[in-house]
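Data block below; observations after.
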Amino acid sequence: MSAINTTRTWSRRIPWALVIWLVVLSVPWMGSRFYTFLATEIVILALFAVSLNLLLGYTGLVSFGHAAYFGIGAYTCAILMKTHGVPFPIAFAAAGAMAAAFAVVFGFFCVRSTRIYFAMLTLAFAQIVWAVCFKWNSVTGGEQGLSNVPYPDLGWMASLPLLGDMRTADHYFVLVMVLAGICFLVLRRVVASPFGRMLTAIRENPERAEFVGLNVRGYQLAAFAIAGTFAGFAGALFGIFNRGVFPDFAYWSKSAEVLIMTILGGMGSFWGPAVGAAALALLSHQITTVTQYWPLVLGVVLIVLLFAFPGGIAGALGSVRTRLRRHRRA
Amino acid sequence: MLEVRNLRRAFGGVTAIDDVSFTIDRGQIVAIIGPNGAGKSTLFNLITGHLRSDAGTVRFRDRDVTGMAPHRLCALGMGRSFQRTNIFPRLTVFDNVQYALIAHRGRGRDVWSHADALFRDEAEGLLRDVKLLDKAAMVAGTLSHGNQKQLELGIALAGSPQLLLLDEPTAGMSAAETRDSMALLGRIAAERDLTLLFTEHDMNVVFSTAQRIVVLHQGRVIAEGAPEAIRSDVDVRRVYLGERR
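Protein sequence lines correspond, in order, to chains W and V.
The numbering used here numbers the first residue of the first sequence as 995 and each following residue consecutively.
The numbering used here numbers the first residue of the second sequence as -11 and each following residue consecutively.
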């Protein structure tokens, strides 16, 4: 009994998030261009999914239009860097600010309706964003999007130890790891804060939450804005990674994709959506090399998962762990 | 403490609350009684801002609060419990009270501190007051009905309210649970100098607890006064016992 307790506290004391961050960070040293590419994509999409989960898992708001803020962030950063030659740090910050501003405006209307109406409104606003990106040729490049978005100037990284003889894509990956890492830390802190707890209270019982003194709509709007901001950061990083931004970024299918990642990974835990993003990206890359029927496989995986493990991958892992623990104790 | 004047509310063609007026003084324990459909819950929802009134005013602590949003009323010192038990069923008992404390003390906007460390002693104190300290780690939804009502009281008390509105505080309780919970309520009200307004079906509870009674029938106040006066009131007897005038 006591032995188990010590292993448990010991395993809890390891900062697992940091360990995994370091492992992922080491990917470029494995030498494969493809792995670095894949890792960059996964980390960015993980940030996108975790930002959605602030709404979905923590506040209980189902947004069908989260891609809008991803798209706004991507376009803002890309337009500033490519068209106006703005340096990356400013463009990146502007992407978050712009996504936040739009999230506040759209969210103001969305939180006034509930459940399915909320979902439909978020979708409607996202489709407006998509239509603007699609049609505003002079600024967004219209249907063709904006290609050849420049990499940030990362030459200085070459002078750092260990980073000397790396490709630009590897340097960019390191930058993504650092920025996404900071974003994850901030979001983690937010959900564990009193504010985050109030979001949980609202998810659990909005009527009661109102009568413990919470301005429910105000909190929902704040959550919407924070989630939008971080989706904007993810979009900014993705546009550069993708070397181009396209109207698809804000399309409803992108919103569905991030929703699937979040549910697949498990919206009941902070890291669940990140696991979902990794699983979806890895699966899609593996399976598309074997068969063209990737959507079919995805559909089957989702159905099995939703019926067998409603808590997603993270939820399933969690229940296996508790079962193992109980088994060992018995 | 609370002053309701000429309050009116209709749903479609049905007038649920019709020209209702009454006042409650500080420290009083007042019951609203009336048969099913008399408008008790509607009246509560009008006072607490869950419903908009068609006419009339509600004043709370000398301030016009007609139609004010629930979270603002709450900040002014009005607490309430609901007819159907209204807690955070998937959170632990402790979290229920702790979250309510965070909300009431205005810390909810804080996005940077660690929530777990906040108001632990106060939360424990509240749970001790409502006799749930030994069940603090349980998931609230698994508590017995009586315990859930106690928890709901704890959540309401977290706001240090001056006026507490309780919609059928003993609904669905056994006789023993009813007795215990009314004793608990009376003790807490006395300790904290609370003003209580409650609705209740159980006449034993009403006549043993309330200092004043308001009788509602078809949306109107048909009698108001001390328990002894109400007991002998002709109109009340007619409504409750079917006696002819």
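The beta-carbon is built from N, C-alpha and C at its ideal position, and this holds for glycine as well.
Because the structure is a prediction, the values reported are computed rather than measured.
With a threshold of 7 Å between beta carbons, is residue i in contact with chain W?
i	result
H92(V)	yes
P58(V)	yes
A103(V)	yes
A124(V)	no
G96(V)	yes
A63(V)	yes
R180(V)	no
A88(V)	yes
V81(V)	no
F76(V)	yes
V209(V)	no
R68(V)	yes
V99(V)	yes
L(-10)(V)	no
Taking only the alpha-carbon atoms, compute the straight-line gap between residue i and residue j and give it to the nearest angstrom.
i	j	result
A1068(W)	A1089(W)	7 Å
P1188(W)	A88(V)	11 Å
A1163(W)	A1152(W)	12 Å
R1320(W)	L115(V)	30 Å
L185(V)	W1010(W)	52 Å
R40(V)	V1252(W)	40 Å
A124(V)	I143(V)	13 Å
R1183(W)	L120(V)	30 Å
V1126(W)	A1225(W)	18 Å
R219(V)	F70(V)	27 Å
F1167(W)	L1156(W)	14 Å
M1362(W)	V81(V)	Absent from the model: residue 1362(W). The displayed extent of chain W is 995 to 1324, so no value can be given.
F1178(W)	T187(V)	49 Å
N1236(W)	G129(V)	48 Å
V46(V)	L64(V)	14 Å
G55(V)	V1013(W)	53 Å
A163(V)	M170(V)	11 Å
P1144(W)	E1198(W)	45 Å
R60(V)	G1(V)	31 Å
Give the DSSP bridge partners of residue i, in chain order.
i	result
M170(V)	The partner list for M170(V) (beta bridge, DSSP) is empty, contrary to what the question assumes.
V8(V)	L(-5)(V)
R68(V)	L153(V)
L204(V)	V209(V)
L184(V)	I17(V) and L152(V)
G1238(W)	S1141(W)
F48(V)	L(-10)(V)
T3(V)	A(-2)(V)
V237(V)	Beyond the ends of chain V as shown, which are -11 and 233, falls residue 237(V); an answer cannot be given.
To the nearest whole angstrom, what separates the beta carbons of residue i and residue j, a pair I think is in contact under 8 Å?
i	j	result
I75(V)	Q138(V)	The Cβ separation is near 10 Å, so there is no contact.
G1305(W)	G1260(W)	5 Å
L1048(W)	A1219(W)	At roughly 10 Å, the Cβ-Cβ gap does not stay under 8 Å, so L1048(W) and A1219(W) are not in contact.
K1129(W)	G1136(W)	6 Å
G1229(W)	G1065(W)	6 Å
T183(V)	R14(V)	6 Å
Q16(V)	Q150(V)	Their Cβ separation, rounded to whole angstroms, is 12 Å, which puts Q16(V) and Q150(V) out of contact at 8 Å.
G950(W)	I1307(W)	What is shown of chain W runs 995 to 1324, which leaves residue 950(W) out entirely.
L1277(W)	M1255(W)	L1277(W) to M1255(W), Cβ: 11 Å. No contact.
G27(V)	L152(V)	Between L152(V) and G27(V) the Cβ distance is about 20 Å, and since that is not below 8 Å, they are no contact.
F1096(W)	A1062(W)	7 Å
Contact criterion: CB-CB distance below 7 Å. Does residue i meet it with respect to chain V?
i	result
F1189(W)	yes
M1171(W)	no
N999(W)	Because the pLDDT of N999(W) is 46, which lies under 50, any placement of that residue in the model is unreliable, and the question is left without a value.
V1184(W)	yes
N1199(W)	yes
V1206(W)	yes
A1195(W)	yes
M1255(W)	no
M1092(W)	no
M1192(W)	yes
N1236(W)	no
R1319(W)	no
N1209(W)	yes
R1315(W)	no
R1202(W)	yes
query: Using 8 Å as the Cβ pair cut-off and three pairs as the minimum, do the segment 167 to 176 of chain V and the segment 198 to 209 of chain V touch?
result: no
Three-pair Cβ contact test at 8 Å for the segment 1243 to 1250 of chain W versus the segment 1076 to 1093 of chain W: no
- request: Report yes or no: do three or more beta-carbon pairs, one from the segment 41 to 58 of chain V and one from the segment -6 to 7 of chain V, lie closer than 8 Å?
  value: yes
query: How do the segment 190 to 206 of chain V and the segment 215 to 226 of chain V stand: do at least 3 beta-carbon pairs fall below 8 Å, yes or no?
result: yes
- prompt: Using 8 Å as the Cβ pair cut-off and three pairs as the minimum, do the segment 1036 to 1043 of chain W and the segment 1166 to 1180 of chain W touch?
  reply: yes
- request: Determine, using beta-carbon pairs with one atom in the segment 101 to 113 of chain V and one in the segment 153 to 169 of chain V, whether at least three such pairs fall under 8 Å.
  value: no
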